[in-house]
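Read through the structure below, which is laid out as structure tokens, and then see the notes.
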Amino acid sequence: MCVCVSVLAVRNPIEIAKLPKWSCAIIRPPRDGGIRYRGLTQEQIRNVQILPVDYEIEYICRGNRVIVGPKVRKCLPNGTWTDITLHSRCLLLCPRVWTSLENGRVALKPPGPPVEGTVLHYSCHAGFMLEGRNITHCTKLGKWDSPKPNNSNVIRNPELIFSRKKKLYIGALFPMSGGWPGGQACLPSAQMALDLVNNRTDILPDYELELIYYDSMCDPGESTKLLYDLLYTEPIKTVLMPGCSSVSTLVAEAARMWNLIVLSYGSSSPALSNRNRFPTFFRTHPSATLHNPTRVRLFQKWKWTKIATIQQTTEVFTSTLDDLEQRVKEAGIEISVRQSFLTDPAVAVKNLKRQDARIIVGLFYETEARKVFCEVFKEKLYGKKYVWFLIGWYADNWFKIKDPSINCTIENMTEAVEGHVTTEIVMLNPETVRGASNLTSQEFLGALMNRLGGKNPEETGGFQEAPLAYDAVWALALALNKTVAPLKAKGRRLEDFNYNNHDITAEIYRALNTSSFEGVSGHVVFDAQGSRMAMTLIEQLQGGSYKKIGYYDSSQKNLSWFGNDVWIGAGPPADSTIVIEEFRYLSQKLFAAVSVFAGLGILLGIVCLTFNIYNSNVRYIQNSQPYLNNMTAVGCMMALAAVFPLGIDGHHIHRSQFTVVCQFRLWLLGLGFSLAYGSMFTKIWWVHNLFTKKEEKKEKRKHLEPWKLYATVGVLLAIDVLSLMIWQIVDPLHITVEKFTREAPKGDLDVLIQPLLEHCTSEKMNTWLGVVYGYKGLLLLLGIFLAYETKSVSTEKINDHRAVGMAIYNVAVLCIITAPVTMILTSQQDASFAFAALAIVFSVYITLVVLFVPKMRRLITRGEWQSEQQDTLKTGSSTNNNDEEKSRQLERENRELQKIIQEKEQRVSELRNQLVERQALRNRRRPSSGTNQNHSNPSPPSSQPDPKSLLPPPGYPNPADSKISRNHCHNSQIPLLYK
Numbered sequence: 001m002c003v004c005v006s007v008l009a010v011r012n013p014i015e016i017a018k019l020p021k022w023s024c025a026i027i028r029p030p031r032d033g034g035i036r037y038r039g040l041t042q043e044q045i046r047n048v049q050i051l052p053v054d055y056e057i058e059y060i061c062r063g064n065r066v067i068v069g070p071k072v073r074k075c076l077p078n079g080t081w082t083d084i085t086l087h088s089r090c091l092l093l094c095p096r097v098w099t100s101l102e103n104g105r106v107a108l109k110p111p112g113p114p115v116e117g118t119v120l121h122y123s124c125h126a127g128f129m130l131e132g133r134n135i136t137h138c139t140k141l142g143k144w145d146s147p148k149p150n151n152s153n154v155i156r157n158p159e160l161i162f163s164r165k166k167k168l169y170i171g172a173l174f175p176m177s178g179g180w181p182g183g184q185a186c187l188p189s190a191q192m193a194l195d196l197v198n199n200r201t202d203i204l205p206d207y208e209l210e211l212i213y214y215d216s217m218c219d220p221g222e223s224t225k226l227l228y229d230l231l232y233t234e235p236i237k238t239v240l241m242p243g244c245s246s247v248s249t250l251v252a253e254a255a256r257m258w259n260l261i262v263l264s265y266g267s268s269s270p271a272l273s274n275r276n277r278f279p280t281f282f283r284t285h286p287s288a289t290l291h292n293p294t295r296v297r298l299f300q301k302w303k304w305t306k307i308a309t310i311q312q313t314t315e316v317f318t319s320t321l322d323d324l325e326q327r328v329k330e331a332g333i334e335i336s337v338r339q340s341f342l343t344d345p346a347v348a349v350k351n352l353k354r355q356d357a358r359i360i361v362g363l364f365y366e367t368e369a370r371k372v373f374c375e376v377f378k379e380k381l382y383g384k385k386y387v388w389f390l391i392g393w394y395a396d397n398w399f400k401i402k403d404p405s406i407n408c409t410i411e412n413m414t415e416a417v418e419g420h421v422t423t424e425i426v427m428l429n430p431e432t433v434r435g436a437s438n439l440t441s442q443e444f445l446g447a448l449m450n451r452l453g454g455k456n457p458e459e460t461g462g463f464q465e466a467p468l469a470y471d472a473v474w475a476l477a478l479a480l481n482k483t484v485a486p487l488k489a490k491g492r493r494l495e496d497f498n499y500n501n502h503d504i505t506a507e508i509y510r511a512l513n514t515s516s517f518e519g520v521s522g523h524v525v526f527d528a529q530g531s532r533m534a535m536t537l538i539e540q541l542q543g544g545s546y547k548k549i550g551y552y553d554s555s556q557k558n559l560s561w562f563g564n565d566v567w568i569g570a571g572p573p574a575d576s577t578i579v580i581e582e583f584r585y586l587s588q589k590l591f592a593a594v595s596v597f598a599g600l601g602i603l604l605g606i607v608c609l610t611f612n613i614y615n616s617n618v619r620y621i622q623n624s625q626p627y628l629n630n631m632t633a634v635g636c637m638m639a640l641a642a643v644f645p646l647g648i649d650g651h652h653i654h655r656s657q658f659t660v661v662c663q664f665r666l667w668l669l670g671l672g673f674s675l676a677y678g679s680m681f682t683k684i685w686w687v688h689n690l691f692t693k694k695e696e697k698k699e700k701r702k703h704l705e706p707w708k709l710y711a712t713v714g715v716l717l718a719i720d721v722l723s724l725m726i727w728q729i730v731d732p733l734h735i736t737v738e739k740f741t742r743e744a745p746k747g748d749l750d751v752l753i754q755p756l757l758e759h760c761t762s763e764k765m766n767t768w769l770g771v772v773y774g775y776k777g778l779l780l781l782l783g784i785f786l787a788y789e790t791k792s793v794s795t796e797k798i799n800d801h802r803a804v805g806m807a808i809y810n811v812a813v814l815c816i817i818t819a820p821v822t823m824i825l826t827s828q829q830d831a832s833f834a835f836a837a838l839a840i841v842f843s844v845y846i847t848l849v850v851l852f853v854p855k856m857r858r859l860i861t862r863g864e865w866q867s868e869q870q871d872t873l874k875t876g877s878s879t880n881n882n883d884e885e886k887s888r889q890l891e892r893e894n895r896e897l898q899k900i901i902q903e904k905e906q907r908v909s910e911l912r913n914q915l916v917e918r919q920a921l922r923n924r925r926r927p928s929s930g931t932n933q934n935h936s937n938p939s940p941p942s943s944q945p946d947p948k949s950l951l952p953p954p955g956y957p958n959p960a961d962s963k964i965s966r967n968h969c970h971n972s973q974i975p976l977l978y979k
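Counting from 1, one number per residue, gives the positions in the sequence shown under full-length UniProt numbering.
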């Protein structure tokens, strides 16, 4: 968006004080110009008062005016704009035709585009005279104040009538300012080469090369306008010579439409090697991709397999990085981090730090390099752990140049850049060889320094590329010289060239493509893509100055190493933080302690098993179902044996054997649990079935058959065996390694410890554990319920069921607590092992002690007979276990007799009532018959029942006595009831 604003400038210190921190006030645009605000809408521009730090504005001019002075300004943290002391003006452009003179020279003062105020000074070559004014001024109207000298104004000297040369014009764009001001040294170098070529009689003897150049400012937009002027103003240019890669891309892509050869001296973009896109492009500056084979070779030399990159988002660096990515991939090297930025590298540098980048390739221009390393200093991304690879064509003191766009001191920058490595195309022949120009490289440097007038080479842009510009002119001159004869054979001449003549362009292309000569920059030869082939110089910044540490010839793949590289640390750093994998193993003290307890438990199990087998004929042991107790003891010992493989890890065995140990853990613990708990569960189950049912169902189960007990244990064991087999066949156990958060060791070591822990697992471990834990959990809960239900039952068939119930309580509680806790503590090997192993040990100890120790105590301290007598006292039945059935039979007969007695008592009660009634009837009859009895003979006594006949059988209570006593009734009182 381009808007011309005329207000919003802060006018006094009071207003400046009111500005927010880290912002800049809007500044006025130049007269007859405007400001382009990037990223703002028309409405936002009308209302904007201040702009943030790092915001860039761009001046533009109306009509035929051009900007003179800084074209782009940037907001600085101190609230000012860059180059604020330099004025930017929009001035009218005078016709460029006046800036060239046939058979003469034109000097512009000041250098740059011919705008109002520019003065042109004309001079003639030897043998020519200038008629008219030798000076002209560009007025404020955009016009020259005098006509341009032409052929009619130039009079040839009669003495030199045969020495007249025809001119061939070269249109050049030299960046005198901008991101890469390479024209500051390349332009004098090219002019020096032109003077030497024009003075040679063996090279283009009938022609003179003349350079028509403009300042491209390394800006494609500005270069577009300059290219238009070069093409559409006289004279016709035979060849174009751009500088920056961005400008060369524009010029080379357009040149094909005018049949122009493009020869660049300062373009390194790999994109320019595309012959389909740029069919007439050549360059004496090697492609930036020529750095990449050198970089890859250095990565391999220092054994780096992981690098990071940070680039400025321009085509030259993007294409270079794409080529580097392809090359490192072929070499087996990984680009782990790839960052880019447009203007502010702060975020990109922070990302490099966060992602632990160590070997970093930086691709950016010199101005951005200062910004990058200011952020590098802030983030401490330098030192013995880091190596930076930079482009080698920066000025030698680029990091010492004061830059208002950064807030780091020279000391900060010097500290941050120390030790970095640069790869630089060899631009100056290291050998003392006289080439086509008859100058050695050192003689060339001396002549260039004289032409620069004593300027400091480190502060002169493009000083390193100056030999390339010098050799570019010589390559062009030699190629043009080579075309003279072929063109003459075709009836053509070089001066006949125009933008529609394809034949002359083809001859120049052929001559350039076959060029091969010794220049001051080395041997000049072009590849099939028109790029220069050259060696690469490797340098390292040591103590604030660059030192040569080697050369690399990519064509021969030959690395010449001087061995004088210096590192801040002991040697080249690692390409990433060295991660030392360290397995976490079980504490050996803990394992030994638990193993001792497990071994003692196994010994106790053997003692209990031996005792049970030895005393299996004792009735008391027989009544406890000794075979089931034997299974319990064996299962306990198997569970304890599982403690040993549970504690075995990579500290004891090789990893290849770890799977076998995993199987042992699973099977020993699973089968041990099934035997130990299954036998106890079977006892409690059958006790519950036999002695907690209704009376009538007890009679049906009065005989407990041992095979049913064994069958129950067998079913439980078979279920476990089947489930474990299915598990191991479908989803077998294997080793997995768990990784934990990396830990920093003690001391200043560039390493991290990566803790690892081995686990036995399967693909669907949680599913299998859920099934097993669910099934076992139900058995445990059911066992608790059955133990509670039978706690008051007393039976001699399974005389230790109360002890079994107590063991089940303890086992169930420990298992229910241990299973989820061990799953939670799976990443803590010591805690997980201790919890699981101690739960096994305690449950086994409790089970063995509760089941077997009481039996041992009874048989050892009391003996069998005493135990049986004690049993008799407790149960109140016979002293012989076989008398139990007799006791039950007697109880049943006693109940039947009691029913008979009750019936007899009822019958006796009825008879007594009848007897009483009869006695009462007789007593009523006595008074009436008493008188008659006095006069008659006494009648014989009435017969009375014999009392003995009414007595109950011997051994039974007299019901009559009991009833009379209960009713408080007596025979003597019966007659009173009828009075």
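No residue lacks a Cβ here, since even glycine has one placed at the ideal position from N, Cα and C.
Could you check whether residue j and residue i sit closer than 7 Å to each other, using their CB atoms as the reference points?
| i | j | result |
| --- | --- | --- |
| W258 | C218 | no |
| L240 | A255 | yes |
| G142 | L86 | no |
| E325 | I335 | yes |
| C138 | C94 | yes |
| E458 | A395 | yes |
| V916 | I798 | no |
| L204 | N513 | no |
| S146 | T136 | yes |
| A534 | P286 | yes |
Measure the alpha-carbon distance for residue i versus residue j and round it to whole angstroms.
| i | j | result |
| --- | --- | --- |
| K683 | H801 | 7 Å |
| A348 | I359 | 15 Å |
| I613 | Q902 | 53 Å |
| R73 | S555 | 44 Å |
| V721 | Y809 | 25 Å |
| I719 | V618 | 33 Å |
| Y710 | N689 | 16 Å |
| L537 | Q442 | 17 Å |
| R780 | A357 | It is worth fixing the name first, because residue 780 is Leu in this sequence and not Arg. Looking at the two C-alpha atoms, the distance is approximately 56 Å. |
Return the first residue and the last residue of the alpha helix (DSSP H) that residue i is part of.
| i | result |
| --- | --- |
| Y775 | 765-789 |
| residue 1047 | Outside the shown range of the chain (1 to 979) lies residue 1047, about which nothing can therefore be said. |
| Y169 | From DSSP, Y169 is part of no alpha helix (DSSP H) but of the beta strand (DSSP E) over 166-174. |
| W388 | Per DSSP, W388 belongs to no alpha helix (DSSP H); it is in the beta strand (DSSP E), 387-391. |
| C760 | Where C760 is concerned, there is no enclosing alpha helix (DSSP H), although the beta strand (DSSP E) it sits in stretches over 751-761. |
| S576 | That residue, S576, is in no alpha helix (DSSP H); it is neither H nor E in DSSP. |
Got a sec, what are the start and stop residues for the beta strand (DSSP E) residue i sits in?
| i | result |
| --- | --- |
| D215 | 207-215 |
| M241 | 237-241 |
Does any residue of chain D bring its CB to less than 7 Å from the CB of residue i?
| i | result |
| --- | --- |
| K306 | Included in the structure is just one protein chain, with no chain D present. |
Is residue i near the ligand SAM, in the sense that its beta carbon is under 6 Å from a heavy atom of that ligand?
| i | result |
| --- | --- |
| G183 | Ligands displayed in this structure: none; no statement on the ligand SAM is therefore possible. |
### Query
Contact between the segment 841-852 and the segment 625-636: three or more CB pairs below 8 Å?
Between the segment 841-852 and the segment 625-636 there are three or more inter-stretch CB-CB distances shorter than 8 Å, so the stretches are counted as touching.
### Message
In chain order, what are the residue ranges of uninterrupted beta strand (DSSP E) at least 3 long that sit wholly in the segment 320-360?
### Response
Entirely contained in the segment 320-360, the beta strand (DSSP E) runs reaching 3 residues are, in chain order, 334-341.
### Message
Just to confirm the assignment: which complete beta strand (DSSP E) runs, minimum length 3, are found wholly within the segment 489-563?
### Response
516-519, 522-525, 536-542, 545-553, 558-561
### Query
In chain order, which alpha helix (DSSP H) runs of at least 4 residues are fully inside the UniProt domain "Sushi" (92-153)?
Taken in chain order, the whole alpha helix (DSSP H) runs of length 4 or more contained in the UniProt domain "Sushi" (92-153) number zero.
### Task
Tell me, please, whether the segment 756-764 touches the segment 576-589 by the rule of three or more beta-carbon pairs shorter than 8 Å.
Touching, per the Cβ criterion.
### Message
So within the segment 240-299, which uninterrupted beta strand (DSSP E) runs reach at least 3 residues, ignoring any that extend past its ends?
### Response
For the segment 240-299, whole beta strand (DSSP E) runs of length 3 or above, ordered along the chain, are 261-264, 281-283.
### Task
Decide if the segment 540-547 is in contact with the segment 266-274; the criterion is three or more beta carbon pairs, one per stretch, under 8 Å apart.
no
### Task
Say whether the segment 732-746 touches the segment 553-573, bearing in mind that this needs 3 or more beta-carbon pairs closer than 8 Å, one atom from each stretch.
The segment 732-746 is not in contact with the segment 553-573.
### Message
Quick check: the segment 449-456 against the segment 413-427, are at least 3 beta-carbon pairs closer than 8 Å?
### Response
no
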